[in-house]
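As structure tokens, the structure follows; a few thoughts come after it.
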Amino acid sequence: WTAQASYDQLSPAQIINHHVQACPELDGHEIYIRHGSCQVKGPSDLNSEGEFSKVDDIEDLSQYAIRDICGFISKNLFSLPSLEVHWDFSSARLRPLPSENYAEAIRLGLEKKVCTNFKEQQYIPACDLEVFLDVSVARNLLDQDASVNMSHFETARFLRKVQTFPARKLLVLCVFSRFNLDELKHLIDHGFNDETRPQPSTTCGDKECTAKYAQLRNNIHTFFPRNIKKGQKRHMLTTQEVVPLQHPPCEERELGQGAYGVVTQVIIDRSHYSFPGDPDCRFALKTFASNDLATAAFLSEVSMLDVLTPHGHDHIAGHITAWSQADQHFILYPKAAHNLRSYMTDVEPPALRQPVMMWFFKQLGGLADAIDHVHRIKDGSEDGAVIEGCHHDIKPENILVFERVPNKDPTFKIADFGAGHFYAGPNDDKRSKQYSKTGGTETYFAPDWERHGNVSKSFDMWALGCVFLELHLWLFRFHWDDGAGFSTKRAEFSGADPRNSEDRFWVKTKAGYVLKPAVERVLEELEAKCNK
């Protein structure tokens, strides 16, 4: 495995030759790599997987594989690793049949590569478009286009300009729009290329040319979709711009709904993002409703994420990007395997062994530290100023569960900061800022919300304690004899105040605020179990 030649059997060229020989229908097609990746894995019982490495050719593969295997062996001396390689191929017919017009054959080939994004907008993935940008395609198009009246020398010079200006995408955009290539020359003479494209305000002295500009603009975003980049900046997009996110086929789209919008799962073609990870992974797209309340919730969540992004934490779910388009607003996140509520409902708790308990308390400690991080972020300035914040909506639904191996030692991360607040204060300010308004779910509201009408950091700590209690009940497989759940038992408690029908963890009595009997009972039983 240390010799680069050992990886030749995995060469894309060999795989392509094998498939061409086995599939006669591929004759005359150009087969190309859309993208590739490799990953080093340990035995299934080791729970050890390396990071995915993006590879473009056999040289990349051999270098990354040797590096990643070395890294695995340094951590697992007595385990045998395996190497998993993924090549994604596609094909395009760049050599037309004798009876076909070359430009029309290329246009039809481009049409076959058109995808539809989550907003029903069309685009061609960059990795599929690249094969049509080869110089041989441009040369054949120019040679067979009678509208281009140039000498051999002028044609060669124009071809070089198309390749270096560059106007390669503009060339195939003209073909896709059924333009003759003399119109491409006219565009280049006006200074347009792949970077400087006709805008809505672009006009020309020739009325026919201006009309063609408008026709071209209808297809521009099909050839120039945006790339997805990680960052805290919120992007403002025009209505026509295309974000290359698709709903995965044959899979459930919706992941959840909230008061202000819906979360759906999406995929991104590997050629439109460069951050690491599984090339087949899914992402979670949060789409906000088109109304004033939802817009305010979006702006609040983005402002919280703007503060959190430069100060990352292992147990806080960061976002990838956010954007607004017309009256719609979006935030893109990594997709989790579960939220904590569905995890406790759908996943059987593991046996109580020492490694499990170590994992469990590591997750509780991580969540507590994440809230502490939100409550007092040091901004790194010389005067030691801090940014004080609150989440104000801690609940199992807002804690995400990320897995490397299904149902094995996942990581819990706090998410959904739409109800939160940040404010900057001096480093010697020991007071916790009070807020008169809060969002969230009343189940996890602390008594001070009703007692004082204001909430602060302690509001988060109470809610986190409630979540910790529910997690312990899940781990210890706690249940009532009559089959009722913990929430039902809390809601069934009857008291003088009719509001006690809520499933909060506390109740107001004449003596003050106290835990509900169901909460007292499970705390006593948990303590007894732990003492055993």
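For the sequence shown, my numbering gives the first residue as 3, with consecutive numbering after it.
Glycine is no exception: its CB is placed at the ideal position from the N, C-alpha and C atoms.
For residue j and residue i, the rounded distance between their alpha carbons
i: Lys121; j: Val349; result: 34 Å
i: Leu257; j: Val139; result: 43 Å
i: Ile379; j: Gly420; result: 18 Å
i: Lys163; j: Leu143; result: 15 Å
i: Ala451; j: Lys459; result: Correcting the residue type first, residue 451 is Trp in the shown sequence and not Ala. So the two alpha carbons sit approximately 12 Å from each other.
i: Glu27; j: Leu369; result: 56 Å
i: Gly391; j: His377; result: 5 Å
i: Cys176; j: Gln65; result: 40 Å
i: Ala319; j: Leu85; result: 29 Å
i: Lys288; j: Ala324; result: 9 Å
i: Glu210; j: Trp89; result: 46 Å
i: Val524; j: Leu475; result: 8 Å
i: Val57; j: Ala128; result: 16 Å
i: Ala498; j: Phe507; result: In this prediction, Ala498 has a pLDDT of 45, which is less than 50 and means its spatial position is unreliable; nothing more can be read from the coordinates.
i: Leu307; j: Arg355; result: 37 Å
i: Asp541; j: Gly422; result: Shown here, the chain extends from 3 to 534; a query on residue 541 therefore has no answer.
i: Asn400; j: Cys72; result: 38 Å
i: Leu12; j: Ile126; result: 28 Å
i: Glu254; j: Val265; result: 12 Å
i: Ala339; j: Asp147; result: 53 Å
i: Phe226; j: Phe300; result: 27 Å
i: Asn429; j: Arg479; result: Bear in mind that a pLDDT of 48 at Asn429, under 50, signals an unreliable position, so the model cannot answer this.
i: Pro202; j: Ala216; result: 7 Å
CA nearest to the CA of residue i, picked from the options
i: Asn341; options: Ile396, Arg355 and Leu295; result: Ile396
i: Arg406; options: Thr212, Lys235, Phe225 and Gly44; result: Gly44
i: Thr413; options: Asp462, Ala387, Thr490 and Lys337; result: Lys337
i: Lys187; options: Gly422, Glu86 and Pro168; result: Pro168
i: Ile230; options: Val150, Asp329, Ile270 and Arg141; result: Ile270
i: Leu517; options: Gly487, Cys468, Phe300 and Thr224; result: Cys468
i: Ser273; options: Tyr262, Leu247 and Ala261; result: Leu247
i: Gly367; options: Ala5, Asn409 and His317; result: His317
i: Ile68; options: Gln6, Glu494 and Val388; result: Gln6
i: Lys114; options: Ser101, Asn103 and Leu96; result: Leu96
i: Pro398; options: Pro408, Phe424, Asp462 and Ala158; result: Asp462
i: Asp62; options: Asn409, Ser39 and Ile17; result: Ser39
i: Trp464; options: Gly279, Tyr446 and Asp418; result: Tyr446
i: Phe91; options: Glu303, Ala520, His31 and Asp184; result: His31
i: Ala291; options: Leu189, His313 and Gly260; result: Gly260
Limits of the beta strand (DSSP E) - the one that residue i falls within
i: Phe194; result: From DSSP, Phe194 is part of no beta strand (DSSP E); its letter is neither H nor E.
i: Leu28; result: Here Leu28 belongs to no beta strand (DSSP E), and DSSP marks it neither H nor E.
i: Thr413; result: Thr413 to Ile416
i: Ala94; result: Ser84 to Ala94
i: Glu256; result: Glu256 to Gln259
i: Thr289; result: Phe285 to Phe290
i: Val388; result: Val388 to Cys392
Local Cβ density within 10 Å of residue i, reported as buried at 16 or more and exposed below that
i: His331; result: buried
i: Phe155; result: exposed
i: Phe160; result: buried
i: Thr347; result: exposed
i: Gln41; result: buried
i: Phe537; result: An answer regarding residue 537 cannot be provided, because it is not within the stretch 3 to 534 covered by the chain.
i: Leu218; result: buried
i: Pro83; result: buried
i: Tyr515; result: exposed
i: Tyr425; result: exposed
i: Glu102; result: exposed
i: Phe285; result: buried
Strand pairing of residue i, partner residues [DSSP]
i: His317; result: Beta-bridge pairing links His317 to no other residue.
i: Trp325; result: His237 and Phe332
i: Ile230; result: Tyr275
i: Gly52; result: Its beta-bridge partners do not exist; DSSP assigns none.
i: Trp508; result: Leu517
i: Phe478; result: Note: Phe478 sits in no beta bridge, so no partner.
i: Asn341; result: Leu402
i: Val407; result: Lys410
i: Ile35; result: Phe91
Range of the contiguous alpha helix (DSSP H) that encloses residue i
i: Leu110; result: Tyr104 to Lys114
i: Ser8; result: Segment: none, Ser8 is in no alpha helix (DSSP H) and carries neither H nor E.
i: Ala216; result: Lys209 to Phe225
i: Gly368; result: Gln356 to His377
i: Glu526; result: Pro519 to Asn533
i: Gln267; result: Careful: Gln267 lies outside any alpha helix (DSSP H), inside the beta strand (DSSP E) at Gly263 to Ile270.
i: Thr157; result: His154 to Thr166
i: Gly73; result: Ile60 to Lys77
i: Glu303; result: Asp294 to Leu310
i: Glu174; result: Before going on, a small fix: residue 174 reads as Val here, not Glu. Looking at the DSSP string, the run of the alpha helix (DSSP H) that includes Val174 is Arg170 to Phe178.
i: Phe134; result: First-last for Phe134: undefined, no H or E at that position.
i: Ser489; result: Phe488 to Ala493
CB contact below 9 Å: residue i versus chain D
i: Ala513; result: The question asks about chain D, but that chain is absent: this structure has only one protein chain.
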